[in-house]
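These notes concern the structure reproduced below.
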Amino acid sequence: MNISHVSVSTLPVLHRFGGAIERRIVEIAREQARRGHRVTVYSIGEATETREVDGVVYRFLHCRTRLPWRHLEFQHRVVRELGRRPDDVLHFHSQPEGAWMSQAVGARTVLSYDFFEFRGGRATPLYHLYKRVLRRFDLLLPCSRYCLEASQSFWSFPASKLRILYNGVSTRQFRPDPESAARERRALGLEERVMLYVGRVCEQKGSDVLLEAARRLGERRRDVRLVVAGPIGQFGLTDDPDGWAERIRDVGGLYLGAVEESRLNAIYNLADVFVMPTRVNEMFGMAAVEAQACGKPVVASDSGGLKEVVPPSCGARVPVGDAARMAEEIERLLDDGARYAASAASARDNAATYDWARICDTCDELYRAAS
5 MNISHVSVST
15 LPVLHRFGGA
25 IERRIVEIAR
35 EQARRGHRVT
45 VYSIGEATET
55 REVDGVVYRF
65 LHCRTRLPWR
75 HLEFQHRVVR
85 ELGRRPDDVL
95 HFHSQPEGAW
105 MSQAVGARTV
115 LSYDFFEFRG
125 GRATPLYHLY
135 KRVLRRFDLL
145 LPCSRYCLEA
155 SQSFWSFPAS
165 KLRILYNGVS
175 TRQFRPDPES
185 AARERRALGL
195 EERVMLYVGR
205 VCEQKGSDVL
215 LEAARRLGER
225 RRDVRLVVAG
235 PIGQFGLTDD
245 PDGWAERIRD
255 VGGLYLGAVE
265 ESRLNAIYNL
275 ADVFVMPTRV
285 NEMFGMAAVE
295 AQACGKPVVA
305 SDSGGLKEVV
315 PPSCGARVPV
325 GDAARMAEEI
335 ERLLDDGARY
345 AASAASARDN
355 AATYDWARIC
365 DTCDELYRAA
375 S
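Written as structure tokens, this is what we have:
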């Protein structure tokens, strides 16, 4: 099968600080190539070039326009190149315009997405335009049950168009690794037990709840330290208008900034408990599943896709915004050795159900269903 993946136009795939969308594309494409498919990934790039990695052809396109127009330029150039080659499936990722831009290509079209709202709301003419455009895809592939139900309600999608294609985890990359954890701990001077957060630092992700939970724990004990890894706001921003870095330090936390992909497994492994306190719009929770793959219990908010990927047996879920309850659950896990061991084992088992090989089994079925 000839498959082309079309990425978003904000961050290149294979970026050393790649986000969830970029990671999903790379992992699915790699697994598909391993199965004998001919796979091409189209991505924004600093230069127009072609590379082959792990059997996947990566076509990087340099665009001259700025956002928001850049994603239209990018997709136009992708579709122009696609017109010169036969494809069985075009798999767009969070690029809804691809449906009408690729009409002349003649391939099956599917759209993976992990956000469902149109930021302009339902009252604008653009909402109705996008609603028509989205229905032109052969299949719409939300990344969780929560994302499916919310998007169906927001856009009134017909059920026949919707199938879940979960995000996944590389259990080869993310796995228990006490040696790398020990090296990271020594390098960072960490002697305490660690509550870890990996992801964007912002109010939407519940960073204020995280800091309040750390403060409450710090008032009761001195053997637990917060470690935070991830960009402030969006990837690529350098300013910190809300003073998050200082606020992390104020509760005794350690802020690492954005962490390179090659270092992530070691960072997850230095943790004792992983914390994910998202307030809203958590479509899946990839970081939580990656932490589980490393054998780490997860304490998460009872929000969105986290309800699906963090069962209570893997740690705990707490009401959204409840820092006191979050601190209590972290403390219970740290102080109850039997519960901690059971949660860690359950976390590994749960993560295995989201291994990319299993996700690609589903993807193969969905491509056939789109024909």
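Quick note on this note's numbering: the sequence shown kicks off at 5 and runs consecutively. From the three backbone atoms N, C-alpha and C, an ideal C-beta is built for every residue, glycine too.
With respect to the C-alpha of residue 285, the residue from 270, 27 and 306 having the closest C-alpha is 306.
The Cβ atoms of residue 328 and residue 197 lie no closer than 8 angstroms to each other.
Note that the C-beta distance between residue 113 and residue 94 is below 8 angstroms.
Of 300, 185, 265 and 261, the smallest CA-CA separation from residue 280 is found for 300. Taking a C-beta distance under 8 angstroms as the contact criterion, residue 345 and residue 333 do not qualify as a contact pair. Just measuring C-alpha positions, the residue of 212, 81 and 171 sitting nearest residue 309 is 171. Sequence-distant partners of residue 173 (beyond 5 residues in either direction) whose C-beta falls short of 6 angstroms from its own C-beta, in its chain, are 293, 294, 297, 355 and 358. The three-state reading of DSSP puts residue 83 in helix, counting H, G and I together.
Only residues of its own chain outside the window of five on either side were considered, and among them 282, 283, 284 and 285 have a CB closer than 8 angstroms to the CB of residue 208, listed in chain order. Under DSSP, residue 120 forms no beta bridge with any residue. For residue 42 and residue 143, the gap between their C-alpha atoms comes out near 21 angstroms.
For residue 95, DSSP records a beta bridge to 9 and 114. Taking C-beta atoms as the reference points, residue 182 and residue 269 fail to come closer than 8 angstroms. In the DSSP assignment, residue 352 is bridged to no other residue. Beta-bridge partners of residue 292 (DSSP): none assigned.
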